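Visitor:
Residue numbers (the working numbering): 6 to 260.
This is the structure:
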C-alpha cells in the first residue's frame, strides 16, 4: 500500500477500542473548534460494537458535543432494521439510543425499500451534505470508520466484485451471490475524499489479509481494502497484536 498511513498496534482489542474512542473524541473536539458540524460514517462488526459502547459511556457521553454530530453508514445488509445483522440496528443498540443526537442528523441506509432505490436516496443525501467536491482541498466526511474482513474486503467492497472499481456513484447496491443477499455500500469515490479514515482490525484471522493489504502488491480485486487511498486525507490503522503478527518488524514498530 503506497499511500501514506499511520499504523498503531495495541496489545488486544480492548486496548484498541479504548484508544480509538479517545482518538475520535479528540478529533471531534478539534474539528468542532473550527466549524459547526462533524460528519462520521460508522461501520458494522464486533470491534466497532466495543467502540460504540465506550463512546456511549463515561466520560465520552458527557464530553462529546453529540448535538453537532451527523451520522452515516459505510455499508448495510439489505435486511430489516429489526434483524441483528443490520448495521444500523447495532449502532442504535450500542450507541445512538444512548446519546443525544437529533434524529434528523442520523442517516441510515434504508432497507424497507428496494436496495437500488435506497442507494439512490443515500447518494442524494450525500450530495446535499457535500455539494462541492470539485477541488482537491474539499473533503467529504470528517471521519470514516472502516473494518476489514479476513478476505481483505472493506465496506461492501468484496473481492472480485464490480463494486470495488465503481468510480461514478457515491453509493451503490448490488447482489452478493456468496451471501445470497443485496448489499448497499459507499464507494471508494466518496470515501477517498474524507478528511480521515480509521481502519480497525483485530484477531489473528486478519493477519494474512492485513499483511497483503499493507505490504503486498497492489491487487484490489483480491484485497479490496487497498482501494482506500484518500485524495488528501489521512489513514490510520488501529490493529491488535494478533492481527499485526504477519507484518514486518519495522511496520510493527510504528506504534
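Backbone N, C-alpha and C fix where the C-beta goes; we use that ideal spot for every residue, glycine too.
Just so you know, these numbers come straight off a predicted model, no measurement behind them.
By the three-class DSSP mapping on this structure, what secondary structure does residue 133 have?
Guide: Your numbering for residue 133 matches position 128 in the chain shown. Of the three classes helix, strand and coil, the one that applies to residue 133 here is helix, per DSSP.
Visitor: What is the residue span of the beta strand (DSSP E) that residue 242 lies within?
Guide: The residue you call residue 242 lines up with position 237 of the chain shown. According to the DSSP assignment, residue 242 belongs to the beta strand (DSSP E) that extends over 239-245.
Visitor: Buried or exposed: which applies to residue 193, given that a residue is buried once 16 or more other Cβ atoms fall within 10 Å of its Cβ?
Guide: Walking along the chain shown from the start, residue 193 turns up at place 188. Result: buried.
Visitor: Is the beta carbon of residue 248 closer than 7 angstroms to that of residue 207?
Guide: Residue numbering aside, residue 207 sits at position 202 when the chain shown is read from its first letter. Residue numbering aside, residue 248 sits at position 243 when the chain shown is read from its first letter. Result yes, Cβ atoms of residue 207 and residue 248 sit closer than 7 angstroms.
Visitor: Among the residues of its own chain, which have a CB less than 6 angstroms from the CB of residue 70, if the five just before and after it don't count?
Guide: In the chain shown, counting from the first residue as 1, residue 70 sits at position 65. The residues are 37.
Visitor: Am I right that residue 218 and residue 228 are in contact with their C-beta atoms under 8 angstroms? What's the rounded C-beta distance?
Guide: Along the chain shown, one-based indexing puts residue 218 at 213. Along the chain shown, one-based indexing puts residue 228 at 223. Right, the Cβ-Cβ distance comes to about 5 angstroms (below 8 angstroms), so this counts as a contact.
Visitor: Tell me whether residue 118 is buried or exposed, calling it buried when 16 or more other Cβ atoms sit within 10 Å of its Cβ.
Guide: One-based indexing of the chain shown puts residue 118 at position 113. Under this definition residue 118 is an exposed residue.
Visitor: Excluding sequence positions up to five away, which residues of its chain have a Cβ less than 6 angstroms from the Cβ of residue 25?
Guide: On the chain shown, position 20 is the one that residue 25 refers to. So the list reads 56, 243, once near-sequence residues are dropped.
Visitor: Of the residues 32, 212, 156, which one's Cα is nearest the Cα of residue 225?
Guide: As a first step, residue 225 is located in the chain shown; it is residue number 220 there, counting from the start. Ranking the options by Cα distance to residue 225, first place goes to 156.
Visitor: Taking the alpha-carbon positions, what's the residue 98 to residue 43 distance?
Guide: As a working note, residue 98 is residue 93 in the chain shown. As a working note, residue 43 is residue 38 in the chain shown. Distance between the alpha carbons of residue 98 and residue 43: 21 angstroms.
Visitor: Compare the Cα-Cα distances from residue 176 to each of 220, 215, 129 and report the closest residue.
Guide: Translated into positions along the chain shown, residue 176 becomes position 171. Nearest Cα to residue 176 within the set 220, 215, 129: 129.
Visitor: Rounded to whole angstroms, what's the CA-CA distance from residue 107 to residue 143? Just pull it up for me.
Guide: Locating residue 107 in the chain shown gives position 102, where the first residue counts as 1. Locating residue 143 in the chain shown gives position 138, where the first residue counts as 1. Roughly 26 angstroms separates the two Cα atoms.
Visitor: Out of 236, 174, 73, 188, which one is the CA nearest neighbour of residue 30?
Guide: Taking the first residue of the chain shown as position 1, residue 30 is located at position 25. For the residues 236, 174, 73, 188, the minimum Cα distance to residue 30 belongs to 73.
Visitor: Alpha carbon to alpha carbon, how far is residue 83 from residue 89? Give it in angstroms, no decimals.
Guide: Taking the chain shown and counting its residues from 1, one reaches residue 89 at position 84. Taking the chain shown and counting its residues from 1, one reaches residue 83 at position 78. Between residue 89 and residue 83, the C-alpha separation is close to 12 angstroms.
Visitor: Taking the straight line between their C-alpha atoms, what separation do you get for residue 63 and residue 134?
Guide: Position 58 of the chain shown holds residue 63. Position 129 of the chain shown holds residue 134. C-alpha separation (whole angstroms): 30 angstroms.
Visitor: Using DSSP's beta-bridge definition, name the partner residues of residue 15.
Guide: As a working note, residue 15 is residue 10 in the chain shown. Answer is 245, bridged to residue 15.
Visitor: Quick check on this structure: which residue in 235, 252, 198, 113 has the alpha carbon closest to the alpha carbon of residue 137?
Guide: Here residue 137 corresponds to residue number 132 of the chain shown, with the count starting at 1. The residue with the shortest Cα to Cα distance from residue 137 is 198.
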